[in-house]
Amino acid sequence: MTRKRHWFAWAFLAYAVIIAVVSFALVNLYTASRDRLDQAMGERLLAVAVSLAATANGELIQQPSHNHSAQAYLDILEADFIRLSQSQNLAEISLMHPDSTVIFSTNRSLKKGQPNDFWALDDGAVQAALAGVPVSTDLYLNQGYYQKSAHAPISVFDADFGEEYVVAVITVSGNAMFFDSLAQLKKGAVVTGVVVLLFLVLMGVFLYRINQSFERYQDSIHQQENLAAMGRMTAGIAHEIRNPLSIIRGAGQHLQRVLVQADIQDPVADFIPEEVDRLDHILTGYLSFGSRKDSPAEPFDLGLCLRRSVRMIHEEMQQTGVRIHVPTVLEPALVLGNSLRMQQVILNVLINARDAMPEGGDTHVALTNEGSQVVLSITDSGVGLTGVDSSRLFEPFWTSKEKGSGLGLAMSRRIVEDMNGRLTLNDRPDGPGALAEITLPVHGDGS
């Protein structure tokens, strides 16, 4: 888990760095492109304004409006401005008096003789033009729209004072298409950022799934190695175990015959050959654990198997101060499998419950029919899982016990799964202790 947390932390840090770098690059790209377009637009507007101012006749422009020659010149000049505005794709070319009133403009909203309110937005640039310096404005936002203009003065020479003075100002404004380009540039930067972010998220999900698949593959390889090791171990000792088991079984059967002949009824004597058979089945189960061979299956009553298992371990549990509580009445629960191997599962779970209560305690056993399934639950009042991932408890050779083999729960889950069931082990939801549940399908729907 610690390694996973480190992986997530490093992945998150890497993504944060990548996103920061991409965002910084996109912002710089947009800012640099906007500034360059702004500069290019300003130079273009200023060039148009200066060239028009240089060719304009200031003497005629300053003549009164009733001067026919001056008016004819202004009409020609206005027509030229209109053609130039259309050919250069400009928003506006206006000829203004120094007092900000309009002489004429290609912008229909600016009427002749009326003040140009837009000049107030370019006050600094206008004042520079009135001082005789052609200048372009900064890009600014007006009522949700970008605007940019250039102002060039038209001057005449005053022979009496020996200096030039400004008689009019030409204002040239950029077309809205230029500003749309800026908006498109900004939108493109945002869209690019979103696409990059989505790509990184998808790539992260892809890498995370690859990592999960790799971890599952590693776990599978580890489990196969454990199974192979267990197979080698059990195969090596199987022969040595089965020989004394045969002798013990024969001795138990001889003891049964002697007791029958002496007319002595002792059910404990029946346990000897039965337990030898159970040990032989356990050994067979260990030998077949890695090969997934199916064990012989037949219908049996899970309730009777439970009672028999409790009876076998009841005295041993009492000696350690553990009390087993079993319902007085257990409904018949017919399941399909191997009763001896299921008995092994129940004993393994009860032994785990006992080991979890070294100072003694209570173990409650219950059997519940749930339609097409039957659930056998074993609850103890011990220490619980103590923070251990429940999935690890079923790994072969993994154990938290000092003298444990790590095979009991692994074998138990394997046996239950061979019976198409499920074995789970979790902390109790209602207090300290653990809850083991064995869920099995009812054979023939309980018929």
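When you read off a place in the sequence shown, starting at 1, and then add 2, the result is the number in my numbering. Each residue gets a CB set at the ideal place from its N, CA and C atoms; glycine is no exception. All values reported here derive from a predicted model rather than from experimental measurement.
For residue i, the first and last residue of its enclosing alpha helix (DSSP H)
i, result
"L349", "S341 to D357"
"L1", "This structure does not reach residue 1, given that the chain is present from 3 up to 449, and the question cannot be answered."
"R429", "For the sequence presented, residue 429 should be read as Asp rather than Arg. Note, D429: premise wrong, no alpha helix (DSSP H); beta strand (DSSP E) at R424 to D429."
"L123", "From DSSP, L123 is part of no alpha helix (DSSP H); its letter is neither H nor E."
"D265", "Neither: D265 is in no alpha helix (DSSP H) and is coded neither H nor E."
"E419", "G410 to D420"
"A72", "H70 to S89"
"L62", "G60 to I63"
Distance CB(residue i)-CB(residue j) smaller than 8 Å
i, j, result
"S157", "V168", "yes"
"A358", "A436", "yes"
"V376", "V418", "no"
"L308", "I348", "yes"
"Q65", "A72", "yes"
"L15", "T194", "no"
"V278", "V328", "no"
"F106", "L86", "no"
"V52", "A127", "no"
"G446", "L336", "yes"
"D282", "L247", "yes"
"I250", "I274", "yes"
"G44", "A152", "yes"
Contacts around residue i, its chain only, beta-carbon distance under 6 Å, and the 5 residues preceding and following it disregarded
i, result
"R325", "D364"
"L411", "L395 and F396"
"M344", "C307"
"E80", "F106"
"T370", "V377"
"I84", "T108"
Those residues which DSSP pairs with residue i across a bridge
i, result
"P443", "Q375"
"L97", "F106 and I172"
"S151", "S175"
"S138", "A152"
"I380", "V367 and A438"
"F208", "Per DSSP, none; premise fails for F208."
"P301", "L338"
"V158", "Y167"
Same chain, Cβ closer than 7 Å to residue i, neighbours up to 5 away in sequence not counted
i, result
"S449", "The predicted model places S449 with a pLDDT of 42, which falls under 50 and marks its position as unreliable, so this point remains unresolved."
"T322", "R356 and G362"
"A191", "L28, L31 and Y32"
"L199", "I21"
Cβ-based neighbour list, residue i, same chain, cut-off 8 Å, excluding 5 preceding and 5 following
i, result
"G386", "A358, D429, R430, P434, G435 and A436"
Option in the options with minimal Cα separation from residue i
i, options, result
"D119", "L132, S138 and M98", "M98"
"M421", "Q149, T441 and L427", "T441"
"E123", "R110, L92 and S138", "Note that residue 123 is Leu in the sequence shown here, rather than Glu. Here the closest residue by C-alpha is S138."
"A533", "T103, E61 and L209", "Since the first residue shown for the chain is 3 and the last is 449, residue 533 is missing from the structure and cannot be characterised."
"G115", "L257, D125 and P100", "P100"
"V203", "T426, A13 and E439", "A13"
"I78", "Q90, L92 and I63", "I63"
"T388", "L92, N350 and L427", "L427"
"T103", "A49, A58, M43 and I172", "I172"
"R415", "S383, V351 and G373", "V351"
"P334", "S89, T108, D303 and M205", "D303"
"R125", "S111, K113, R110 and K150", "Note on identity: in this sequence residue 125 is Asp, with Arg being the wrong assignment. Nearest C-alpha to D125: K150."
Unbroken beta strand (DSSP E) run spanning residue i, endpoints
i, result
"R325", "V324 to H327"
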